[in-house]
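The listed protein sequences correspond, in order, to chains A and B. 176 is the number that this note's numbering gives to position 171 of the first sequence; each next residue is one higher, with no gaps. 187 is the number that this note's numbering gives to position 182 of the second sequence; each next residue is one higher, with no gaps. Glycine included, C-beta positions come from ideal geometry on N, C-alpha and C.
There are 2 protein chains.
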Amino acid sequence: MGLADVSKRILLGRKLRSSQGERLLPKRVALPVLASDALSSVAYAPDEVFIMLSLAGASAYVWSWQVGVTVALVMVAVLASYRQQVMAYPSGGGDYEVAKVNLGPTAGTTVASALVVDYVLTVAVSISSGAQYAASALPFLVGYETLFACLMVLLLMALNLRGVRESATYFAVPTYAFITAILGMCAYGLVQHLTGTLARVESADYIITAAPGYEDPLTTGALIFLLARAFSSGCVALTGVEAISGGVPAFRKPKARNAATTLLMLGAIAITMMISVIVLARQMGLRYVDPDDINRLRTGAGDVLPEDFAQQPVIAQIAGAVFDGFPPGFYIVVSVTGLVLVLAANTAFNGFPVLGSILAHDGYAPRALGSRGGRLAYTNGIAFLAFLAIVLIIAFDAQTTRLIQLYIVGVFVSFNLSQLGMIRHWTRLLASERDPAARGRMFRSRVINTVGLALTSVVLVVVLVTKFLEGAWITVLAMAVFFFIMRAVQRHYTRVSEELAIADEDKVMPTRVHAIVLVSKLHKPTLRALAYARATRPNILEAVCVSVDQEATDRLLDEWDMRNLDVPLKVLHSPYRELVRPIVDYAVEIRSASPRGVVAVYIPEYVVGHWWEQLLHNQTALRLKGRLLFTPGVMVTSVPYQLRSSEAALERANRAEREMGRVHPGDLRRGIDDDRDGDGRISQVPR
Amino acid sequence: MGLADVSKRILLGRKLRSSQGERLLPKRVALPVLASDALSSVAYAPDEVFIMLSLAGASAYVWSWQVGVTVALVMVAVLASYRQQVMAYPSGGGDYEVAKVNLGPTAGTTVASALVVDYVLTVAVSISSGAQYAASALPFLVGYETLFACLMVLLLMALNLRGVRESATYFAVPTYAFITAILGMCAYGLVQHLTGTLARVESADYIITAAPGYEDPLTTGALIFLLARAFSSGCVALTGVEAISGGVPAFRKPKARNAATTLLMLGAIAITMMISVIVLARQMGLRYVDPDDINRLRTGAGDVLPEDFAQQPVIAQIAGAVFDGFPPGFYIVVSVTGLVLVLAANTAFNGFPVLGSILAHDGYAPRALGSRGGRLAYTNGIAFLAFLAIVLIIAFDAQTTRLIQLYIVGVFVSFNLSQLGMIRHWTRLLASERDPAARGRMFRSRVINTVGLALTSVVLVVVLVTKFLEGAWITVLAMAVFFFIMRAVQRHYTRVSEELAIADEDKVMPTRVHAIVLVSKLHKPTLRALAYARATRPNILEAVCVSVDQEATDRLLDEWDMRNLDVPLKVLHSPYRELVRPIVDYAVEIRSASPRGVVAVYIPEYVVGHWWEQLLHNQTALRLKGRLLFTPGVMVTSVPYQLRSSEAALERANRAEREMGRVHPGDLRRGIDDDRDGDGRISQVPR
């Protein structure tokens, strides 16, 4: 106990009060905190576009900027829709709330399933991509990306279990550094281009052989399918934009307006970065293929690349070439990119537990997800997220490209349902609103959401068609599983609370109490249990002994007589040497003779302090208590007798707790005031 | 629960009544049952003698029969000593009892440690040797001996957990078959020898190169050391003779005399078999080396043997040659040998749990070793033995020769201490005995035991000197560990029982009962707990709620007012969101205000039926109960509320139990009779 507590203390830090929580963020801080996820997609979205186009060889890269611009258009539409949502639902419930309120619990649960999958994938994708960047700067990590990614997830988990309260300001720095570094690199590249000094990336000399089915000349159908695939991969750039709509309560007032403005800023920055990177990469002659298909990348002479060739991510290749004579530039770009990817994963660690607690509150998730630990963090949610992310990372070998196939579906499912919800929302408001100006605004908002829905539903279909067999089916399956789990959990809680609801006949007192004290030997714990049981003045009091060994029973009976104990001792014979069953059967027997009465079973227990001491004593009491819980009309009382070694254990536990929480013994004692007021209710003023 | 019970039923069979146990054995059945361990050593003792002599090359085999005869002499002395012991201690306590009674608890514990090690090694050695024989008959087992041996141990464990009651008769058959097969084979070999047709074993053409230090010509010192090593290895033939002295209570009357006669028979058979095998092997030109040192065995031309060469045990080689034209003869000999080795291991599975229960009864071992399961078997002891044996088999790769280095020390430690105990026994009796005839018998017995002690102590020294570095140190270490564990366990039990012994002030009734009912929500379980608590008529009754969420607490307080519950509700504020600690502190608070009173904590619990349902409910009650056990002056009452799903679970559990034990519902109910007699004691006549 002591050791576990101390390590918990080191891992988690001091406990925090419930009031030590909230802090509101100005826009300049909220942007980096909430948008790091969305912005970080620039680290992998261009790569995915180039990978998909490369199926038809490097010549297909002529389409890259058109694909980028299409993705940007969708992003504009989605951001515009979210601005409407932020204004309408400033409570931070996000897509889940919008869907639940406007479309009903089934849609809400669907969105929730999609979001759960999303959060897990956000961690898996961001950390995997981060590991790729880390490996491009630190070559000794090549080949150990999976291990490194898992360790990073564990580190994030530990940080979040501590509760990263002071994080806001710390988060701002790397996100701004990332924006500055990427845009600065692109601007510098543009200057080099204009002055004719722009270098070519290292992969520029390679050639790409087309994949089977995409050989020159491409049929129109194949070209459209290729562009659709590239586009749907590029849409991964949209992941994370929903974070701001969930973070509205963290903004300073006017919350909704500030959040909407931040969304606008996010869109402008993300689109600029993505288009710049795509255009620059194309200018620098980038060649980029699926790492699973690396053999399609050949040297200029058509030879296979060496075994130890490691394809660097797009931004790393650009940085390497742009800052050719200035290595620090390369390292700065790569490290801030890696850092912002970690921050993006951290966004999920903030968002998922909150979603979990909302779901727990609504009865769709186990209550354990809704309780905050000593450091105010939702411990269980954080651990659950880390576990699933690590499973995914290991299953997909930390390969960003393969994980992204799973990622986009979930995002667009929740986009679609929340847009649909918003349309319903405006329609409902329009039905009652009479003021023409307000109606005009609502009409406009509904149009925006309708355009958004139209676009995102097309994207969803494209994504499903192009990605289903590539991995999206896993997401769909996982969503279905979460959906049915949530429904089952909700049904369970509903059933339990219906069963537990108070009816009028429930206030009836039991007519009589039949107390039985279990006796195995005659020693102090037995006497104490007898005394305590007698102090509760039951209608009938008897001692009961289960006889598995006639000799021992005879000895007990003799001693019982000798001690003149004025409680009758009943012997239950147990021919099969069972201890639990005869007692349970006896209790059932008594109860069935007097169905309105209560059987009170008193169990004398002596308590030892060490685990190895517990091994030396039969754990029958525990089994018996577990079994009696299932027996109606029985209450089970443990009468503990503390041996000296248990006192030492208690002292150790108390000391550890005091040290952990810096709670002084008097602290909590003072917390209990007998503020008895007239109505017979003792309550206490919070300090 | 249901599934576990059903598989337990399949594995273990129906439960047995305590009375379904005993059965007395005539000598002709007792011999095979109790002596299979001792007789089975013939399967490996000659091998060990040949292995040790082979250190100096095959020429040293001239000493083999002298070594065999010396071992036989020691065996005669040991058996004679045991005959005395059997007559003096017919209760079956064996060496442990003799040492404890005559030499005190320290010697008793030492013998017990030696016996524990012995039993484990009996299983490991017998099964490993059995695996070797199995591999000699079934070549596909070669290389898988360890796996096969472990599976055999698990099989024996399962059989013994079922309780092999019907075993006696079944055991007789293979043991007699083994005796017949070995003696028959030797007799047939003798006939062949006399008619000049005795074949040579397959290894007869090989040569053995001497080990370093034993090259020709051998110094006298080296020869003596070699013979001592061979002798001490041969002494493994003595293992298992103590089984009969522990089995006296199983004999028919006159128990002691029958047991003594059986010992005599055992000695005659074992010695005949061992000497015959050694002499025959030598006549047939056997070459046999340590399997770890197989390269010292060469072809006649001096070449190394092929990679896949597997050296067969001595008896298998003899059988192969003697029954050269009659393969069934070979298979019969090898299979009955394997079978009898399994029976020998089974002896340990019978003996160890009984020793464990005696030790548990004396307070030297955890009580769990002393309780018999549903099938009358000492479940924990059987599992413990199987576990340790498997550890040894894996650690020593199922190599009989290496395990035997560990085996002999423990056996001779207990031989020595029990002989010493017997001498003390006779000396004590002589001090009070006056009848000359009886004194004469006692003198004679003391002389026999003294000779036995002299011989076995020499052997112990020889064994320690020749085997210490070969592995005996492991045994000594293990014995020391078991010794100190037993002492620590005994000290613990003594301390606990001293602490628990009743003093006069212990009958004092608590002055007042302060009952607190824990409330988290207002639902049926809470109302039931309040009603039950009120039914116990405490001096003070209050409801207590720990507030971690002000909103929920306010709702609870309002509802409490609304329902007009006439019990005051106290709110304990918990700024660190802990649930357990505030309650514990409050209980301590109450208790310290009234040290002679009792705090009765009532915990409403609702009980669900499935493990997955339990995941959906916080397990705070369990943690709280665990913690309150350590708090003096507190008794903890669970007031369960059974949800419908728990009733189904109870029904399932009951059905499974009924099917397992064929106990019908009425069966146990009828078992409880209210035989109230005048003295206020309700007792019950055993059915």
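For residue i, does the three-state DSSP call read helix, strand or coil?
i: Ile521(B); result: strand
i: Gln410(A); result: helix
i: Lys260(A); result: helix
i: Tyr101(B); result: helix
i: Arg303(A); result: strand
i: Ile608(B); result: strand
i: Met640(A); result: strand
i: His497(A); result: helix
i: Ile184(A); result: helix
i: Gln316(A); result: coil
i: Lys529(B); result: helix
i: Arg451(B); result: helix
Using C-beta distances below 7 Å, list every residue in its chain close to residue i, excluding the 5 sequence neighbours before and after it, in chain order.
i: Tyr591(B); result: Val549 and Leu577
i: Ile428(B); result: Arg451, Asn454, Thr455 and Leu458
i: Ala9(A); result: For Ala9(A), the predicted model reports a pLDDT of 48, less than 50, meaning its position is unreliable; a value from the coordinates is still stated below. There are no such residues.
Assuming residue i contacts residue j (C-beta within less than 8 Å), just tell me the rounded distance between them.
i: Thr75(A); j: Phe236(A); result: 6 Å
i: Ser627(B); j: Val589(B); result: Here residue 627(B) is Leu; the residue named in the question, Ser, does not match the sequence. Going by Cβ atoms, the distance from Leu627(B) to Val589(B) rounds to 14 Å, so no, they are not a contact pair.
i: Thr244(A); j: Asp402(A); result: Incorrect: roughly 21 Å between the Cβ atoms, too far for contact.
i: Leu44(B); j: Ile229(B); result: About 30 Å separates the two Cβ atoms, so there is no contact after all.
i: Tyr369(A); j: Val494(A); result: 6 Å
So, for residue i: in the same chain, excluding its five sequence neighbours on each side, which residues have a beta-carbon less than 8 Å away from its beta-carbon?
i: His615(A); result: Ser650 and Ala654
i: Val467(B); result: Ala233, Phe236 and Ser237
Quick one, are the C-beta atoms of residue i and residue j less than 9 Å apart?
i: Pro645(B); j: Val641(A); result: yes
i: Thr342(B); j: Ile187(B); result: yes
i: Pro515(A); j: Gly602(A); result: yes
i: Gly695(B); j: Leu29(B); result: The structure shown does not extend to residue 695(B), since chain B is modelled only from 6 through 692, so no value can be given for it.
i: Glu352(B); j: Thr127(B); result: The displayed chain sequence assigns Thr, not Glu, to residue 352(B). Cβ distance < 9 Å, so Thr352(B) and Thr127(B) count as in contact.
i: Ile454(A); j: Gln89(A); result: A quick correction: the sequence has Asn, not Ile, at residue 454(A). Closer than 9 Å, so yes.
i: Gly325(B); j: Phe335(B); result: yes
i: Leu505(B); j: Leu648(A); result: yes
i: Val5(A); j: Val604(A); result: Examination of residue 5(A) is not possible in this model, given that chain A is present from 6 through 692 alone.
i: Gly73(B); j: Met279(B); result: yes
i: Gly194(B); j: Ile323(B); result: yes
i: Val418(A); j: Met484(A); result: yes
i: Ser46(B); j: Val241(B); result: yes
Can you name, in chain order, every residue of its own chain whose Cβ lies under 6 Å from the Cβ of residue i, other than the five neighbours on each side?
i: Ala365(B); result: Arg372, Leu374 and Gly375
i: Pro51(A); result: Val282, Ile283 and Val319
i: Val668(B); result: For Val668(B), the predicted model reports a pLDDT of 38, less than 50, meaning its position is unreliable and no value from the coordinates is stated.
i: Glu171(A); result: Bear in mind that a pLDDT of 49 at Glu171(A), under 50, signals an unreliable position, so the model cannot answer this.
i: Val121(A); result: Phe487
i: Ser525(A); result: none
Give the single residue among the options whose Cα lies nearest to the Cα of residue i.
i: Leu203(A); options: Ser131(A), Leu291(A) and Ala483(A); result: Leu291(A)
i: Ala248(A); options: Thr114(A), Met289(A) and Asp100(A); result: Asp100(A)
i: Phe389(B); options: Ser552(B), Leu166(B) and Ala77(B); result: Leu166(B)
i: Arg586(A); options: Gly631(A), Ile299(A), Glu438(A) and Glu547(A); result: Gly631(A)
i: Ala63(A); options: Ile212(A), Pro311(A) and Ala163(A); result: Ile212(A)
i: Ala350(A); options: Leu527(A), Ala394(A) and Leu231(A); result: Ala394(A)
i: Arg1(A); options: Ser134(A), Pro37(A), Phe256(A) and Val327(A); result: For residue 1(A) there is no data in the structure shown, the boundaries of chain A being 6 and 692.
i: Ala264(B); options: Ala142(B), Asn569(B) and Arg33(B); result: Arg33(B)
i: Leu84(B); options: Met190(B), Lys105(B) and Thr266(B); result: Thr266(B)
i: Asp295(A); options: Thr625(A), Ser579(A) and Leu60(A); result: Leu60(A)
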